[in-house]
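Order-wise, the sequence lines are chains Z and F. In case it helps, the working numbering puts the first sequence at residues 168 to 361. In case it helps, the working numbering puts the second sequence at residues 131 to 277. Beta carbons: idealized from backbone N, C-alpha and C, even for Gly. The block underneath contains the structure these notes are about, expressed in C-alpha cells.
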Amino acid sequence: MNRVARAAELIGQPVVTLDQATTAGEVRDVLIDPERSRLVGFTVRGTGLLGSPLVGILPAEGVQSIGRDAVMIATESSIIRGREGMQASLGQHQDIIGKEVVTDGGASLGEVTDIVLEVDGPSARVVGYEVARPDGQKLMVPISGGVPLSRDALVLPAESEQHAVTGLNQLRQSVEHGRPETPHDRSSTRVVKK
Amino acid sequence: MIRLSQLKGQRILTRDSAVQLGSVRRLLLDAAAGMVVAAELEGVIGDDTILDWSNVASIGPDAVMVESADVVRGAQSEAEKRLAAGELDLDGKLVLNEAGDALGPLEDLEFDEANGRLASIHVPGHALPVERLVALGPDAIIVPLPG
Chain Z
168 MNRVARAAEL IGQPVVTLDQ ATTAGEVRDV LIDPERSRLV GFTVRGTGLL
218 GSPLVGILPA EGVQSIGRDA VMIATESSII RGREGMQASL GQHQDIIGKE
268 VVTDGGASLG EVTDIVLEVD GPSARVVGYE VARPDGQKLM VPISGGVPLS
318 RDALVLPAES EQHAVTGLNQ LRQSVEHGRP ETPHDRSSTR VVKK
Chain F
131 MIRLSQLKGQ RILTRDSAVQ LGSVRRLLLD AAAGMVVAAE LEGVIGDDTI
181 LDWSNVASIG PDAVMVESAD VVRGAQSEAE KRLAAGELDL DGKLVLNEAG
231 DALGPLEDLE FDEANGRLAS IHVPGHALPV ERLVALGPDA IIVPLPG
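As C-alpha cells, then:
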C-alpha cells in the first residue's frame with residue numbers, strides 16, 4: 168500500500184533485521200537522487216544517543232520494507248560497512264536541506280526544509296519538496312520527475328509553484344491524482360541531512 | 131488453550147515424588163515453527179533450568195506437573211542460552227509486522243498446551259492470530275502480514 172511520508176519522519180526510525188529481529192541501527196540520513204527522483208538509501212547510525220557513530224550505508228536495494236515504524240532489512244549484512252564501501256556507494260553527495268529553490272523562470276522560492284516521498288513497500292520516490300519562503304511560510308511543492316541540483320540551487324519547473332500547496336495532506340491528494348512521468352537519466356547521489 | 135500470563139510463576143511439581151522443581155519464568159519459542167518448545171524455570175536448585183514442553187504431563191489450576199525431576203536439564207542450545215540471558219524475553223517486547231509497522235508491545239500470548247502450537251499474540255486492543263513468527267530477537271517480535 169502506497170503512502171506519502173516526509174523524509175524527516177524516517178529519520179530516527181529503527182533499522183530492523185527480518186532474520187534475527189535485531190535493531191541494526193537507526194536512520195540518520197535519507198539519501199536521494201533528485202535528478203531521478205528516487206531513493207538511493209539511508210545512512211545508519213548506532214541507536215540510543217543522538218550523535219551515535221555511523222554504522223554504515225543501507226542502499227535502497229537492501230531495503231525489504233519501509234514501514235511506519237521501522238525500516239526492515241533481510242540481515243545485518245544488507246548494511247555496507249567500512250569506509251571504502253561507504254564511499255563507493257555514496258559517490259559525491261551534498262545536503263539538500265537548506266538548499267535554495269529557484270524556478271526555471273528564475274524566481275527564488277526559498278529553501279528546502281524537507282522532502283516528500285511516496286513509499287511503496289521497499290521502494291520510495293521523491294514526489295515533492297517542502298520549501299520555506301523568506302517570510303517563513305512553508306509550501307509543499309509537488310514535482311513530477313527529476314529536478315536538477317547543484318552546489319548552488321535546486322531548480323524546479325516554474326509551473327510547480329502554481330501547484331504548490333500548504334500541507335502534506337493536500338500534496339498527498341495531488342500525488343494520488345497525477346502520475347508523474349518517467350524521470351530522466353542522470354545519476355548522482357545526494358544526502359538529506361537533519 | 132493457555133496463556134503466557136497464566137503460566138508465569140506457576141510451580142513445577144513432580145508426580146513421582148511431589149517435589150517442587152521451580153516455577154515458570156519464561157517460555158522459549160521456535161519462531162519459524164510457531165511452537166512453544168520449552169519453559170525456563172526459576173528458583174531451581176542447580177543449573178537445570180530448561181523443561182522441554184513435551185515433558186509437561188499436565189497443567190492444572192495450581193501447578194504444572196511433570197513425571198520426575200529427570201525431565202529438567204541445563205541450557206544447551208544457542209537459543210536456550212539466549213533465553214536464559216533474557217534476550218528472548220517476550221513480555222513487553224515490541225511486535226512489528228514484516229512491513230515495519232509497529233503493532234504495540236506484547237501483552238500476552240496464547241498457545242495450545244497439548245502441542246505447544248502458537249494461536250495468538252496479544253497487543254493492546256488486539257489479539258493477532260499467528261501460526262508462526264518471522265523472527266524473535268532481542269529487539270522485536272516480527273509477525274507475518276495477514277493473508
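For residue i, the three-state DSSP class (helix, strand or coil)
i        : result
Val342/Z : helix
Gln304/Z : coil
Arg318/Z : coil
Gln150/F : strand
Arg212/F : helix
Leu158/F : strand
Ser207/F : coil
Glu197/F : coil
Glu326/Z : helix
Ser135/F : helix
Leu263/F : coil
Asn245/F : coil
Ser275/Z : strand
Asp352/Z : Since pLDDT at Asp352/Z reaches only 42, below the 50 mark, its modelled position is unreliable, and no value is offered.
Leu218/F : coil
Leu226/F : strand
Ala191/Z : strand
Ser290/Z : strand
Glu176/Z : helix
Leu236/F : coil
Ser184/F : helix
Buried versus exposed, by CB contacts within 10 Å (16 or more), residue i
i        : result
Gly192/Z : buried
Pro309/Z : buried
Lys361/Z : Residue confidence for Lys361/Z is low, a pLDDT of 48 falling below 50, so the modelled location carries little weight; the figure read from the coordinates is stated next. Exposed is the call here.
Val149/F : exposed
Ser207/F : exposed
Ile175/F : exposed
Gln337/Z : exposed
Met307/Z : buried
Gly272/Z : exposed
Pro350/Z : Residue placement at Pro350/Z is poorly supported in this model, since its pLDDT is 44, which falls under 50; the coordinates still yield a value, given next. Pro350/Z is buried by the Cβ-count criterion.
Closest Cα partner of residue i within the set the options
i        : options                                   : result
Thr189/Z : Val342/Z, Ala237/Z, Gly179/Z and Leu177/Z : Ala237/Z
Ala274/Z : Pro324/Z, Ser219/Z and Ile282/Z           : Pro324/Z
Val194/Z : Ile240/Z, Pro201/Z, Val294/Z and Gly303/Z : Ile240/Z
Leu157/F : Lys223/F, Asp146/F and Leu171/F           : Leu171/F
Thr210/Z : Arg203/Z, Ser204/Z and Leu198/Z           : Leu198/Z
Gly313/Z : Arg300/Z, Ala331/Z, Gln304/Z and Val294/Z : Val294/Z
Asp182/F : Ala193/F, Gly204/F and Gly173/F           : Gly204/F
Ala174/Z : Glu326/Z, Gly213/Z, Glu297/Z and Ile247/Z : Glu297/Z
Ala187/F : Asp269/F, Pro259/F and Asp146/F           : Asp146/F
Arg378/Z : Glu285/Z, Ser219/Z, Gly265/Z and Asp287/Z : An answer regarding residue 378/Z cannot be provided, because it is not within the stretch 168 to 361 covered by chain Z.
Beta-carbon neighbours of residue i, restricted to chain Z and to distances below 7 angstroms
i        : result
Pro276/F : Per Cβ cutoff of 7 angstroms: no residues; Pro276/F is ~13 angstroms from chain Z at best.
Gly267/F : Gln187, Ala188 and Thr189
Ala270/F : Val183 and Ala188
Under 7 angstroms by beta carbon: chain F residues contacting residue i
i        : result
Ile233/Z : Gly230
Asp287/Z : Result: empty, since nearest Cβ-Cβ is about 11 angstroms, beyond 7 angstroms.
Chain-ordered chain F contacts of residue i [CB-CB under 8 angstroms]
i        : result
Leu284/Z : Under the 8 angstroms cutoff, chain F gives no residues; its nearest Cβ is about 14 angstroms from Leu284/Z.
Val238/Z : Gly230
Proximity test, Cβ basis, 9 angstroms: residue i and chain A
i        : result
Thr184/Z : No chain A appears in this structure, whose protein chains are Z and F.
Distance cut-off 8 angstroms: residue i Cβ against heavy atoms of the ligand ZN
i        : result
Arg292/Z : This structure does not include the ligand ZN; it has no bound ligands of any sort.
Cross-chain neighbours of residue i in chain Z, by beta carbon under 8 angstroms
i        : result
Ala162/F : Within chain Z, no residue comes near Ala162/F; the closest Cβ sits about 10 angstroms away, beyond 8 angstroms.
Val264/F : Leu185 and Ala188
Jot down the residue ranges of each uninterrupted alpha helix (DSSP H) in the region 204 to 261 of chain Z, minimum 4 residues, whole runs only, in chain order.
250 to 257
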